[in-house]
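Visitor:
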Amino acid sequence: MEILIIGATLFVPVIIIVLVVLLVFRGGKILANLQSDVQRIAKDVEKISKELDRRDT
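The sequence shown: position 17 = 134 (our numbering), numbered continuously.
#1: Would you kindly work out how many angstroms separate the C-alpha atoms of Val137 and Val162, rounded to a whole number?
#2: To the nearest angstrom, how far is the alpha carbon of Ile134 from that of Phe128?
#3: Just the C-alpha distance for Lys167 and Leu148, rounded to the nearest angstrom, thanks.
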């Protein structure tokens with residue numbers, strides 16, 4: 118019985134640590150994707166702005 122309690126006591130923190138690490142890595146991947154999307158949109162907006170300025174002159 119004591120072995121089960123010790124095993125469970127060690128197992129739960131390990132699972133929590135693994136879940137936190139996975140969450141951090143997945144969150145980093147999502148942020149990287151968002152950053153690349155924002156950069157692409159910024160380039161598109163800049164192109165549109167230049168095209169509109171060119172049409173106004």
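Idealized CB from N, CA, C, for every residue including glycine.
Guide: With the structure as the only source:
#1: Here the question's residue 137 lines up with position 20 in the sequence shown. Here the question's residue 162 lines up with position 45 in the sequence shown. Cα-Cα distance, rounded: 37 Å.
#2: Numbered from 1 along the sequence shown, position 17 holds the residue referred to as residue 134. Numbered from 1 along the sequence shown, position 11 holds the residue referred to as residue 128. About 10 Å.
#3: In the sequence shown, counting from the first residue as 1, residue 167 sits at position 50. In the sequence shown, counting from the first residue as 1, residue 148 sits at position 31. Roughly 29 Å separates the two Cα atoms.
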